[in-house]
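Oh and the sequence shown: position 246 is 245 in numbering that gives the first Met the number 0, straight run, nothing missing. Glycine included, C-beta positions come from ideal geometry on N, C-alpha and C.
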Amino acid sequence: MTKVTKNNKSQENPFNPSFGEMPHSFLGREDIIENIRVAFENNLNDPYRTVLFSGMRGIGKTIILEKIAEISLEFGFVSVNITAGNSMVNDLFDQLFERTQHILSKKRKIKSFSIKQFSIEFFNDDETLGFRTRLERVLSKLNDLDIGLLITIDEIYKTAPGLPDIIIAYQHYKRERRKIALMLAGLPKNVSDILSDSEETKNFTFLRRAERVILKNIDIAEIEQLYFSFFNESGKKLSSEDAQFMAEATKGYPFMIQLVGFYVWRTSHHIVSTIDINEGIAKAKERLGVLVFAASLNDISEKDLSFLKAMAAFELPVATSDIQAKMGVSHGYVQQYRLRLLETEMIYSPSYGKLDFSIPYLKEYLL
Ligand SMILES: Nc1ncnc2c1ncn2[C@@H]1O[C@H](COP(=O)(O)OP(=O)(O)OP(=O)(O)O)[C@@H](O)[C@H]1O
Ligand SMILES: [Mg+2]
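So, in structure tokens, the structure goes:
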């Protein structure tokens, strides 16, 4: 038998700086989760049955979808969790069949060897049928057993193949008062594209009435509390001042919570020293650059990038007029890029005519 020893450096690091992986330390989001629980619990028409999440990279979109999928199980839903892309519709059916088999076998007390045969008969799927009919056949059988269906779609963008089919079908099922829920998540620009008026988005008008949640940073006090308890309870002595210092270094950005925690944990022994903390934070910033900034800056144009670089040269927040002067461009030009970048939520306007970066340490990275 293995004995769990405290004060042991080999103890598993409780922080996980990986995209899309549920952390041991899920913080914040209480309001959203409460609203969603209520929606699952009792009301088919509750607006939180259909939610559109947006937020910048590393803010926790994938994780919140995962959390909601977990919660939905408690309320008797099957959840199908897909990522927008070419194989979206196939993925949806594959998961649907796989996940319902388990539930059905429990409900009907079927022996494991005959589940596959049973579910083939149960679903009676026919790939030649249209999407809406095909899904409806499964959905109605699930609903007959009082099982709901939650579909989550991550990384949405307006031209994702199959997305219009899913949205149209969903809208139809809602009208029929089916036990169903839909949660979507995407980068701010992609979500605003989906909601904008155009030929490509004509099938998405329904989503304009969906509940919208813009994911924000986590409260610093909560992060401080987390660091203090996680470190001390695992035999790594951390003072409350140092926990606060580390929490402030994350600026509340979820990915940075994991990065700072992970690297300070890895660097330190029984007593977490100032040197460990500084080293851990430095390493966290470096990883943030590689994993987040490089990807985010890849998404934008050269001109957007020169705007951001001009911004980074100033004390923040900076006046738009200062950026214009530095870049030596027209008022119209600067306004156009300002709007485009505001849409990406990489920057925001803290007060009239001023701009600042939303992602911590992006300024330093750009210099
Ligand atoms: N509520 C939270 N509390 C603590 N850590 C979180 C929370 N939400 C997300 N994280 C952590 O932040 C990191 C990024 O989360 P996630 O992968 O969900 O981001 P994302 O918004 O989907 O990013 P991307 O746009 O790049 O896909 C992960 O390491 C995750 O563990
Ligand atoms: Mg994600």
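Between the alpha carbons of D45 and A38 lies a gap of roughly 5 Å.
In chain order, the residues with a C-beta atom nearer than 6 Å to some heavy atom of ligand 2 are F18, G19, K60, T61, D153. Taking a cut-off of 8 Å on C-beta distances, the segment 248-255 touches the segment 216-224, as three or more cross pairs fall below it. In this structure, P349 has its beta carbon at no less than 7 Å from each heavy atom of ligand 1.
Apart from the 5 residues on each side of it in sequence, D321 sits with its Cβ closer than 7 Å to the Cβ of F313 in its chain, given in chain order.
At least one heavy atom of ligand 1 is found less than 7 Å from the C-beta of L186.
Annotation: the continuous alpha helix (DSSP H) that includes D30 extends over 29-41.
By the C-beta criterion, the segment 185-195 is judged to be in contact with the segment 150-158, since at least 3 inter-stretch pairs fall below 8 Å.
DSSP places D241 within a helical segment (H, G or I) once states are collapsed to three. Between the beta-carbon of V263 and that of G279 there is about 3 Å, and that keeps the pair under the 8 Å contact cut.
Within the segment 302-352, the runs of alpha helix (DSSP H) at least 4 residues long that lie entirely inside it are, in chain order, 319-326, 330-343.
Only buried fits L91, as 16 or more other CB atoms lie within 10 angstroms of its CB.
Residue range 179-185 is occupied by the beta strand (DSSP E) that includes M182. Per DSSP, the beta-bridge partners of K236 are I270.
For the 8 Å CB-CB criterion, M55 and P160 do not form a contact. The C-alpha of V79 lies about 8 Å from the C-alpha of L148.
A straight line joining the alpha-carbon of T82 with that of A324 spans about 42 Å.
With fewer than 16 other Cβ atoms from the protein chains shown falling within 10 Å of its own Cβ, I274 counts as exposed.
Taken in chain order, the complete alpha helix (DSSP H) segments of 4 or more residues contained in the segment 129-166 are 130-143. With fewer than three CB-CB distances shorter than 8 Å, the segment 219-239 does not count as touching the segment 192-200. Going by C-alpha positions, H171 is about 36 Å away from P22. Considering only P16, F261, L307, the residue with the shortest C-alpha distance to K362 is L307.
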